[in-house]
Amino acid sequence: MGLLNKIFGGKEKHSGPPSQPATSQFQESEQTEQYGSKNAPRRELVQVVLRDTMRKHGIPSDWIEIRILTAVNRRQVTGMHVQLIVKQGHDDLLTYVYAFQESFQREIEKFEPRAEEWLMSIAWQFQGKGTEGRVMPEPATWTGNAAAVAAAPPGVIDKDAPEEELHDDVEADLKALFAIRDAVLNEKDGEEPRDFQPTQPGFQDSDKPR
1 MGLLNKIFGG
11 KEKHSGPPSQ
21 PATSQFQESE
31 QTEQYGSKNA
41 PRRELVQVVL
51 RDTMRKHGIP
61 SDWIEIRILT
71 AVNRRQVTGM
81 HVQLIVKQGH
91 DDLLTYVYAF
101 QESFQREIEK
111 FEPRAEEWLM
121 SIAWQFQGKG
131 TEGRVMPEPA
141 TWTGNAAAVA
151 AAPPGVIDKD
161 APEEELHDDV
171 EADLKALFAI
181 RDAVLNEKDG
191 EEPRDFQPTQ
201 PGFQDSDKPR
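The sequence shown runs 1 to 210 under UniProt numbering.
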């Protein structure tokens, strides 16, 4: 009876909602709401500083939106993750993302010198589409061999040359593989290798010298 009383009687005594599993730091709960209220002045500071930084650099106010996520780290320090969402001017802003972020952080630190303790991350998200028709540059651009590609107009990729080079490489690899296979087969038959001669089409087992 004691067990039944605990099961059924407990529900009568506690008419509140059933207990919920422990929430993570990113889920809505009373605890995160409490942390969010404590973080409210900092959230407002970040929003105001973003608007001022955009105005300072002449960026239209509708180009960037902000999303703030309150979080608590393992040491129970309340902080936030800031996400800057680019809505317009993708190609114009992309070159200056790092410079803008540094300016944004410096402005925050003027009011909060210890901002690095609670400003956990700054992320960027680009929504929509950039310039139509823009394509990735040649691979040599990223390896420091941009001088060979500098003469070509931007966005123009020579499609014929890479395919020809790839075809030549594949053909050479196949010839080498066939030559190695022939050498192994000749060694198994007790013959000396034929100096990696390529396999001839139409070769039959009955044509092998005995």
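Just so it is clear, CB atoms sit at the ideal spot from N, CA and C, and this is done for glycine as well.
Quick one: give me the first and last residue of the beta strand (DSSP E) that residue i is part of.
{"i": "residue 71", "result": "64-72"}
With H, G and I counted as helix, E and B as strand and the rest as coil, what does DSSP make of residue i?
{"i": "residue 90", "result": "helix"}
{"i": "residue 39", "result": "helix"}
{"i": "residue 297", "result": "The structure shown does not extend to residue 297, since the chain spans only 1 to 210, so no value can be given for it."}
{"i": "residue 180", "result": "helix"}
{"i": "residue 135", "result": "coil"}
{"i": "residue 158", "result": "For residue 158, the pLDDT reaches just 48, beneath the cut-off of 50, and the residue's location in the model is therefore unreliable, leaving the point undetermined."}
{"i": "residue 169", "result": "helix"}
{"i": "residue 25", "result": "In this predicted model, residue 25 has a pLDDT of only 47, less than 50, meaning its place in the structure is not dependable enough to derive any value."}
{"i": "residue 47", "result": "helix"}
Going by DSSP, what residue range makes up the alpha helix (DSSP H) through residue i?
{"i": "residue 123", "result": "Not the alpha helix (DSSP H): residue 123 falls in the beta strand (DSSP E), residues 119-126."}
{"i": "residue 103", "result": "97-111"}
Quick check on this structure: which residue in the options has the alpha carbon closest to the alpha carbon of residue i?
{"i": "residue 134", "options": "90, 117, 110, 50", "result": "90"}
{"i": "residue 74", "options": "175, 118, 185", "result": "118"}
{"i": "residue 64", "options": "71, 70, 83", "result": "83"}
{"i": "residue 101", "options": "57, 43, 171", "result": "57"}
{"i": "residue 60", "options": "86, 126, 44", "result": "86"}
{"i": "residue 108", "options": "181, 52, 178", "result": "52"}
{"i": "residue 72", "options": "121, 178, 172, 182", "result": "121"}
{"i": "residue 93", "options": "62, 116, 171, 141", "result": "62"}
{"i": "residue 112", "options": "173, 41, 141, 76", "result": "41"}
Please return the same chain residues whose Cβ sits closer than 8 Å to the Cβ of residue i, not counting the five positions on each side in sequence.
{"i": "residue 97", "result": "124"}
{"i": "residue 103", "result": "53, 56, 57"}
{"i": "residue 66", "result": "46, 47, 50, 82, 83, 84, 85"}
{"i": "residue 68", "result": "43, 46, 47, 80, 81, 82, 83"}
{"i": "residue 127", "result": "85, 86, 87"}
{"i": "residue 105", "result": "115, 119, 122"}
Enumerate in chain order the residues of its own chain whose CB-to-CB distance from residue i is below 7 Å, with the five nearest sequence positions on each side excluded.
{"i": "residue 39", "result": "70, 78, 80"}
Leaving out five residues before and five after residue i in sequence, what residues of the same chain have Cβ atoms less than 6 Å from its Cβ?
{"i": "residue 49", "result": "107, 108"}
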